[in-house]
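Chains as they are written, first to last, in the working numbering: chain P, 1 to 214; chain S, 1001 to 1214.
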DNA sequence: GGATCAATCCTATAAAAGCATGATTTTTCA
DNA sequence: TGAAAAATCATGCTTTTATAGGATTGATCC
């Protein structure tokens, strides 16, 4: 410790978890010449990431939302459970409210879209390291129609029906699948429309997809 | 020219066109220490790319499929029209048969998914520079649910109708909006179902949402 | 132990979407 | 300038959804 340089002591130790070599390299490269930041490790899946965290000290972990083994959202939870001192920052190509809220729920300190520039990324690191939150997503950038103000509370059955609707099943097919009557399926379906405040399946699925429910 | 080093003469001059700084940096970084390859320029949109090509000599242009102004597919066509000597290599996060075939139709010498590793990328450059073709996509690799086999090519009108469907409009409403007959709307709608290989609106919207089309 | 909610089921009608088949006009492009 | 693609419109029929208005059972929670 006595031999560690001041630069190394001061720098923020970063782990990048992403299965895309390009993103990994891009981030490493962007952060390579940045002051006070050090990429101490990279991982391409959740298992590697956990293993690395067990053996190394890390300040901030950049977590891709889409990983080969488990989702970044679940990984975020695991990291916060097992390594509460590690701050997490979600990385995604998308700009989805549902993702953001779910990552934050799972303890993430921020959310960064992959189209971010160098300034955004450094700003995010600074904010998060200082104990704050960061997100550069622009919500509802293009929402021509009525946007979902809140995520409706859905019952177990409604979720099941919603998923099957999204898979393209008709009411009779869903009824058969769930061993219930067609009229029951229809009831759930109508409740879904009411809860999402829409009037047809198309809007329903669009909103549900946007919220990551299907 | 006499002062140009052998290394520079021998090296493949590369232009990268992508609106994601991360990808830009990642590629530059990956290619920086590679032998015989030189990134001579980068652009974040089609206009910049064309401008650069007018003023510089380039061997291979890496084109992102999703650009802010025009699609990489169209840009590819423009490049091949105006600069036939420039070889093009499509870059995409996706692994979609339809994209591939359309890029090839428009003169691309290859197709590289962004999750490719350094070896793949260098291999692609070598192949393309030698006058060959390269593509590392594995078609239909993993299909978790009923995944989109192809990203269908949609006409202008079909896209418009798709968006309006997703907004929750019915055929009569769409007809009114677009000043066309209900039967015409229905035709476009049926074509959408056929192109996406689904049998109802729910699946259609789910796929379209997953592909970021709405 | 009464209220609330979820889940189940019902009848009935209107509206919309899906499916088949085909035709005309306009645009695009080689 | 001629072929191909896109956009337009049509008819007829079937299936599915949407809407309205209920009712019953079981679990959960103060």
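Using N, Cα and C, we set each Cβ at its ideal position, and we do this for glycine too.
Contact with chain P is found for residue 1020 (chain S), since one of that chain's Cβ atoms lies less than 7 Å from the residue's Cβ.
The beta carbon of residue 114 (chain P) sits closer than 7 Å to some beta carbon of chain S. Residue 112 (chain P) is bridged by DSSP to P:91. Contacts with chain P at 7 Å (Cβ-Cβ) include residue 1205 (chain S). The Cβ of residue 1209 (chain S) sits closer than 7 Å to at least one Cβ of chain P. Assigned with DSSP and collapsed to three states, residue 1014 (chain S) falls in strand. The stretch 198-209 of chain P makes contact with the stretch 1158-1177 of chain S, as at least three CB pairs between them are under 8 Å.
Interface residue (Cβ-Cβ distance to chain P less than 7 Å): residue 1200 (chain S) is classified as such. In the DSSP assignment, residue 30 (chain P) falls within the alpha helix (DSSP H) that extends over 21-32. DSSP places residue 1198 (chain S) in the coil class of the three-state scheme, outside both helix and strand. What residue 41 (chain P) touches in chain S, judged by beta-carbon distance under 8 Å, is nothing: the nearest beta carbon there is about 17 Å away.
S:1060 is the residue among S:1060, S:1083, S:1038 whose C-alpha sits nearest the C-alpha of residue 1090 (chain S). Listed along chain S, the residues sitting closer than 7 Å to residue 25 (chain P) by beta-carbon distance are 1026, 1029, 1030. 7 Å or more divides the Cβ of residue 28 (chain P) from the Cβ of residue 37 (chain P).
The bridge partners DSSP lists for residue 60 (chain P) are P:14, P:87. Burial is judged here by how many other beta carbons sit within 10 angstroms of a residue's own beta carbon; residue 1194 (chain S) has fewer than 16 and is exposed. The Cβ of residue 1046 (chain S) sits no closer than 7 Å to any Cβ of chain P.
Taking 7 Å as the threshold, the shortest C-beta distance from residue 166 (chain P) to chain S falls below it. For residue 1118 (chain S), the chain P residues whose C-beta falls within less than 7 Å of its own C-beta are 21, listed in chain order. In chain order, 206 make up the part of chain P whose C-beta sits under 7 Å from the C-beta of residue 1214 (chain S). Just so you know, the alpha carbons of residue 87 (chain P) and residue 1184 (chain S) end up roughly 54 Å apart. Residue burial is scored here from C-beta neighbours: residue 1077 (chain S) has at least 16 other C-beta atoms within 10 angstroms and is therefore classed as buried. The alpha-carbon separation between residue 1119 (chain S) and residue 1031 (chain S) amounts to approximately 10 Å. Per DSSP, the unbroken beta strand (DSSP E) holding residue 43 (chain P) starts and ends at 37-43. In the three-state scheme derived from DSSP, where H, G and I count as helix and E and B as strand, residue 1134 (chain S) is classed as strand.
Around the beta carbon of residue 1189 (chain S), 16 or more other beta carbons lie within 10 angstroms, which makes this residue buried. Residue environment analysis places residue 81 (chain P) among the exposed positions, since fewer than 16 neighbouring C-beta atoms fall within 10 angstroms of its C-beta. Between the beta-carbon of residue 1049 (chain S) and that of residue 1043 (chain S) there is about 4 Å, and that keeps the pair under the 8 Å contact cut.
At a Cβ-Cβ threshold of 7 Å, residue 83 (chain P) and residue 122 (chain P) do not count as neighbours.
The DSSP-derived three-state label of residue 119 (chain P) is helix.
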